[in-house]
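Participant:
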Amino acid sequence: MNVGILVNPLKLGSLSTLHALIAALKSQGCTPVLDVESATLAGVADGISAADFSHHVDVAAVLGGDGTMLHALSQLGNFEKPVAGINIGTLGFLTSCTDDELDLFANSLAQGRYSTSVRTLLEATVHRPGKEAESFIALNEVTLTRGDTGRLVSLRAQINGELLNDYRADGLIVATPTGSTAYSLSAGGPLIAPDASAFVITPICPHSLSQRSLIVSDDATVQLSSEDREHGPMLFTVDGRDSVRIEPGDCIEVKKATRSFHLLRLEDRSFYEALRQKLRWQGV
138 MNVGILVNPL KLGSLSTLHA LIAALKSQGC TPVLDVESAT LAGVADGISA ADFSHHVDVA
198 AVLGGDGTML HALSQLGNFE KPVAGINIGT LGFLTSCTDD ELDLFANSLA QGRYSTSVRT
258 LLEATVHRPG KEAESFIALN EVTLTRGDTG RLVSLRAQIN GELLNDYRAD GLIVATPTGS
318 TAYSLSAGGP LIAPDASAFV ITPICPHSLS QRSLIVSDDA TVQLSSEDRE HGPMLFTVDG
378 RDSVRIEPGD CIEVKKATRS FHLLRLEDRS FYEALRQKLR WQGV
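If you're matching positions, the sequence shown starts at 138 in this note's numbering and goes up one per residue.
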């Protein structure tokens, strides 16, 4: 088995974890394939572009945390093979194991003792009058928020062309089930099981307390636009990564992407276990 490796070089302990993972994979007869940045960190010269992993590896392993996994999504491109997250630290919602479980991870790959959790992706297309449309892919969420102003902004949300609401708020989040544990949760949104066929639309600090999160089918198309002509452009972000200035008259179309993200899960690991651990749920 060929295992592609991407690493966050800014994480404390990333180099030692990288070397330990390479050794663990080789001990199980697996072949490590490093992306260019990981190869540079390891001091070797045979790294390849992460965008080419789909042609050379069977599984991708991402060393870092949930944020590194989100960044890896953009690096890997159209990669529909299992992706494992190895958290340098505590277990995250998107990671498969921690950095002290590398031998278990390598053995599980070699023995085929793992499953995949298919995660919905969002495709967001920004339409601007007189300009070419720009498309982005998100695993967690897309957000439309106030830009440089510290004031509430006005924005409009439509579903399949029908008005949902004109919001006065700090912004609006459209999240996948995977993203329901991230920014949307912090803004008061509900938790959604990862295999649910749904999106959640969550206002950020709305002016009216009656404006709550709304769960919609993932075959819906959500349109977002700025209705604020007084306070300058708004800011559109994708997984907290890509940022685009949105002017009045621009429109963002959000829908389910045609491809998915395949998150690798080791045996006896689950989303619900991660919930109990990360949110510190306890029985009475």
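Built from N, CA and C at the ideal position, the CB exists for glycine as well.
Distance, Cα to Cα, residue 315 vs residue 256?
Facilitator: Roughly 7 Å between the two C-alpha positions.
Participant: Excluding five sequence neighbours on each side, which residues of the same chain lie with their C-beta closer than 8 Å to the C-beta of residue 345?
Facilitator: Within the same chain, residue 345 has close Cβ partners 305.
Participant: Is the region 181-193 in contact with the region 205-220, if contact means three or more CB pairs nearer than 8 Å?
Facilitator: With the cut-off at 8 Å, the region 181-193 and the region 205-220 touch.
Participant: Give me the residue from 162, 221 and 340 with the minimum Cα distance to residue 404.
Facilitator: With distances taken between Cα atoms, residue 404 lies closest to 221.
Participant: Quick one: what does DSSP say residue 348 is sitting in, helix, strand or coil?
Facilitator: Coil.
Participant: Just the C-alpha distance for residue 158 and residue 175, rounded to the nearest angstrom, thanks.
Facilitator: Approximately 12 Å, taken between the alpha carbons.
Participant: Enumerate in chain order the residues of its own chain whose CB-to-CB distance from residue 275 is below 7 Å, with the five nearest sequence positions on each side excluded.
Facilitator: Once the five neighbours on either side are set aside, the close Cβ partners of residue 275 are 258, 259, 261, 375 and 376.
Participant: Tell me the residue span of the alpha helix (DSSP H) that contains residue 329.
Facilitator: Looking at the DSSP string, residue 329 is not in any alpha helix (DSSP H), and its letter there is neither H nor E.
Participant: Please classify residue 357: does DSSP put it in a helix, a strand, or coil?
Facilitator: The answer is coil: DSSP assigns residue 357 none of H, G, I, E or B.
Participant: Between residue 146 and the rest of its own chain, which residues show a CB-CB distance below 6 Å, the 5 nearest in sequence each way excluded?
Facilitator: The residues are 178.
Participant: Pick out the complete beta strand (DSSP E) segments inside the region 369-399, 3 residues or longer, and give them in chain order.
Facilitator: If we require 3 residues or more, the beta strand (DSSP E) runs fully inside the region 369-399 come out as 371-375 and 379-383.
Participant: Who are the Cβ neighbours of residue 219 in its own chain at under 6 Å, not counting the five residues just before and after it?
Facilitator: Hits under 6 Å: 196, 253, 399 and 401.
Participant: Bridge partners of residue 280, per DSSP?
Facilitator: Paired residue(s): 310 and 374.
Participant: By the three-class DSSP mapping on this structure, what secondary structure does residue 186 have?
Facilitator: Looking at residue 186 - three-state DSSP - the assignment turns out to be coil, as it is neither helix nor strand.
Participant: In terms of alpha-carbon separation, which member of 297, 300 and 325 lies closest to residue 310?
Facilitator: Minimum Cα distance to residue 310 is reached at 325.
Participant: Locate the alpha helix (DSSP H) running through residue 93, then write down its first and last residues.
Facilitator: What is shown of the chain runs 138 to 421, which leaves residue 93 out entirely.
Participant: Is it right to say residue 283 is buried, meaning 16 or more other beta carbons lie within 10 angstroms of its own, or is it exposed?
Facilitator: So residue 283 counts as buried.
Participant: Checking the sheet assignment: what are the DSSP bridge partners for residue 248?
Facilitator: Answer is none; residue 248 lacks a bridge partner.
Participant: With burial defined as no fewer than 16 other Cβ atoms inside 10 Å of the residue's Cβ, what is the status of residue 278: buried or exposed?
Facilitator: So residue 278 ends up on the buried side.
Participant: Output yes or no for whether 7 Å exceeds the beta carbon distance between residue 362 and residue 388.
Facilitator: A contact, by the Cβ cut-off of 7 Å.
Participant: Below 8 Å, can you find three or more Cβ-Cβ pairs linking the region 345-356 to the region 226-234?
Facilitator: Verdict: no, contact absent.
Participant: Would the beta-carbon of residue 198 fall within 7 Å of that of residue 140?
Facilitator: In contact: residue 198 and residue 140 (Cβ atoms closer than 7 Å).
Participant: Compare the beta carbon distance of residue 161 and residue 243 with 7 Å and say whether it is the shorter of the two.
Facilitator: Yes, they are a contact pair.
Participant: Once DSSP output is grouped into helix, strand and coil, what is the label at residue 303?
Facilitator: Residue 303: strand per DSSP, three-state reduction.
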